[in-house]
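Participant: What follows is a single structure, and I will ask about it in a moment.
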Amino acid sequence: MQFFGGSDISPSPPAPTAPGNNAHMIYVFNRNGVCLLYKEWNRPLHTLNAQQDHKLMFGLLFSLKSLTAKMDPTSAEKGNLGVPQLPGQGCSFHSFRTNTYKLSFMETPSGIKIILVTHPKTGDLRDSLKYIYNLYVEYVVKNPLYTPGAPVR
Amino acid sequence: MAAIYNLYIINKSGGLIFYKDYGSAGRMDTNDSLRVASLWHSMHAISQQLSPVLGCAGIDLLEADNFDLHCFQSLTGTKFFVVCEPGTLHMENLLKYMYELYTDYVLKNPFYEMEMPIRCELFEISLSQAIQKDRVALLGR
Numbered sequence: 008m009q010f011f012g013g014s015d016i017s018p019s020p021p022a023p024t025a026p027g028n029n030a031h032m033i034y035v036f037n038r039n040g041v042c043l044l045y046k047e048w049n050r051p052l053h054t055l056n057a058q059q060d061h062k063l064m065f066g067l068l069f070s071l072k073s074l075t076a077k078m079d080p081t082s083a084e085k086g087n088l089g090v091p092q093l094p095g096q097g098c099s100f101h102s103f104r105t106n107t108y109k110l111s112f113m114e115t116p117s118g119i120k121i122i123l124v125t126h127p128k129t130g131d132l133r134d135s136l137k138y139i140y141n142l143y144v145e146y147v148v149k150n151p152l153y154t155p156g157a158p159v160r
Numbered sequence: 187m188a189a190i191y192n193l194y195i196i197n198k199s200g201g202l203i204f205y206k207d208y209g210s211a212g213r214m215d216t217n218d219s220l221r222v223a224s225l226w227h228s229m230h231a232i233s234q235q236l237s238p239v240l241g242c243a244g245i246d247l248l249e250a251d252n253f254d255l256h257c258f259q260s261l262t263g264t265k266f267f268v269v270c271e272p273g274t275l276h277m278e279n280l281l282k283y284m285y286e287l288y289t290d291y292v293l294k295n296p297f298y299e300m301e302m303p304i305r306c307e308l309f310e311i312s313l314s315q316a317i318q319k320d321r322v323a324l325l326g327r
């Protein structure tokens, strides 16, 4: 399980940090595409401004989910490409890797998507993503002053 | 032996030029495979934009719940990708071998037009042989 150094997303007790292997960025989106949280720790290259970057990321994930649901070789019949899939319906991907980064993705049944961009050699981060989701539930959702759909402060 | 479900070759503009199914339950018709191939081409390009560091060459491996997708991009922009069972090993070697077969049987074929769908029998035969062969033999190359 990977632990990351740097700032945590909410005032929770800090996770034990291992040297090296810190994440590059983290995104949290809700089901409508609103970016609830974006934090970067190590991002030398910025291609687009923040708004476009979030939209591009959300669009990429939406299309990839649609692609994996359609390409799933184990299910017999699926809907057509482009039909919005409910969270949890159809086969969904959990990570992809390029030569410069690895992106790990988790979607909850409520449509909250958590994305972590890390070094390409990182292992399976699904447990870490679950841990982050639990933190989100504890400190953000249960916060009486938080309005759902607003960016996390 | 872990299974390979199907494989695709797309040209540098994103058009599907080869698709072969080796036993998936969700067989796709031609139109769907064309759409899926173009979608993959675009996703590959967008993923390069989102890279936090310079020099990203696109998605090499996509891990989903029921399958893995390995992609190999040649220097000319032709992409070879294979859909296989999660955790199948040595797919990169298979893709490189596929590229070799492509150069031998397709590109050197005088009747083959560039960027057009592949209709070369020898290519398909040797590809099927490679898929059915023992993985150990592939590793030895």
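Going line by line, the protein sequences match chains A and B. Just so it is clear: in the first sequence, position 113 is 120 by my numbering, and no numbers are missing. Just so it is clear: in the second sequence, position 129 is 315 by my numbering, and no numbers are missing. For glycine and all other residues, C-beta sits at the position ideal for the given N, C-alpha and C.
Under 9 Å between the Cβ atoms of N49 (chain A) and M32 (chain A)?
Facilitator: Counting from one through the first sequence, the residue named residue 49 (chain A) turns up at place 42. Counting from one through the first sequence, the residue named residue 32 (chain A) turns up at place 25. Yes, these two residues count as a Cβ contact at 9 Å.
Participant: With burial defined as no fewer than 16 other Cβ atoms inside 10 Å of the residue's Cβ, what is the status of T307 (chain B): buried or exposed?
Facilitator: Walking along the second sequence from the start, residue 307 (chain B) turns up at place 121. One point to set straight first is that residue 307 (chain B) is Glu, not Thr, in the sequence displayed. E307 (chain B) comes out exposed.
Participant: Against chain B, does N106 (chain A) count as a neighbour if the rule is that its beta carbon must be under 9 Å from one of theirs?
Facilitator: Counted from its first residue, the first sequence places residue 106 (chain A) at position 99. Judged by the 9 Å Cβ criterion, N106 (chain A) is in contact with chain B.
Participant: Compare the C-beta of C306 (chain B) against all C-beta atoms of chain A and say whether one is closer than 9 Å.
Facilitator: If you number the second sequence from 1, residue 306 (chain B) lands on position 120. Chain A, which has no Cβ nearer than 9 Å to the Cβ of C306 (chain B), makes this no.
Participant: Using only the alpha-carbon positions, how far apart do E249 (chain B) and F100 (chain A) sit?
Facilitator: Working through the second sequence from its first residue, we reach residue 249 (chain B) at position 63. Working through the first sequence from its first residue, we reach residue 100 (chain A) at position 93. Taking the straight line joining both Cα atoms gives about 6 Å.
Participant: Let me check understanding here. Comparing Cα to Cα, which of B:K206, B:L202 and B:T216 lies closest to S312 (chain B)?
Facilitator: Locating residue 312 (chain B) in the second sequence gives position 126, counting from the first residue. The shortest Cα separation from S312 (chain B) among B:K206, B:L202 and B:T216 belongs to B:K206.
Participant: Around the C-beta of P76 (chain A), are 16 or more other C-beta atoms found within 10 angstroms, so that it is buried, or is it exposed?
Facilitator: Position 69 of the first sequence holds residue 76 (chain A). Checking the sequence shown, residue 76 (chain A) turns out to be Ala, not Pro. Answer is buried; the Cβ neighbour count reaches 16.
Participant: Let me check understanding here. Comparing Cα to Cα, which of A:Y143, A:D79, A:V41 and A:K149 lies closest to A211 (chain B)?
Facilitator: The count along the second sequence starts at 1 and reaches residue 211 (chain B) at position 25. Ranking the options by Cα distance to A211 (chain B), first place goes to A:D79.
Participant: For K282 (chain B), report the span of its alpha helix (DSSP H) as first-last.
Facilitator: Your numbering for residue 282 (chain B) matches position 96 in the second sequence. Counting along the chain, the alpha helix (DSSP H) containing K282 (chain B) begins and ends at M277 to L287.
Participant: For chain A, is any of its Cβ atoms less than 9 Å away from the one on R321 (chain B)?
Facilitator: If you number the second sequence from 1, residue 321 (chain B) lands on position 135. Legend: pLDDT at R321 (chain B) = 45, less than 50; position of this residue unreliable, value from coordinates given subsequently. Answer no: the Cβ-Cβ gap between R321 (chain B) and chain A never drops below 9 Å.
Participant: Which whole-angstrom value is the C-beta distance of L225 (chain B) and L74 (chain A), which I expect to be below 8 Å?
Facilitator: What you label residue 225 (chain B) is simply residue 39 of the second sequence in a count that begins at 1. What you label residue 74 (chain A) is simply residue 67 of the first sequence in a count that begins at 1. That pair is a contact at about 5 Å.
Participant: Residues in its own chain within less than 8 Å of K137 (chain A) by CB, not counting five upstream and five downstream?
Facilitator: Reading the first sequence from its first residue, position 130 is the one you call residue 137 (chain A). Excluding sequence neighbours, K137 (chain A) sits near M113.
Participant: Measuring only between beta-carbons, confirm whether D60 (chain A) sits less than 9 Å from chain B.
Facilitator: On the first sequence, position 53 is the one that residue 60 (chain A) refers to. Chain B, which has a Cβ nearer than 9 Å to the Cβ of D60 (chain A), makes this yes.
Participant: Applying a beta-carbon distance threshold of less than 9 Å, which residues of chain D neighbour V292 (chain B)?
Facilitator: Among the protein chains of the structure shown, namely A and B, there is no chain D.
Participant: For K77 (chain A) and chain B, any beta-carbon pair shorter than 9 Å?
Facilitator: Residue mapping note: residue 77 (chain A) aligns to position 70 of the first sequence, counting from 1. It does; some Cβ of chain B falls within 9 Å.
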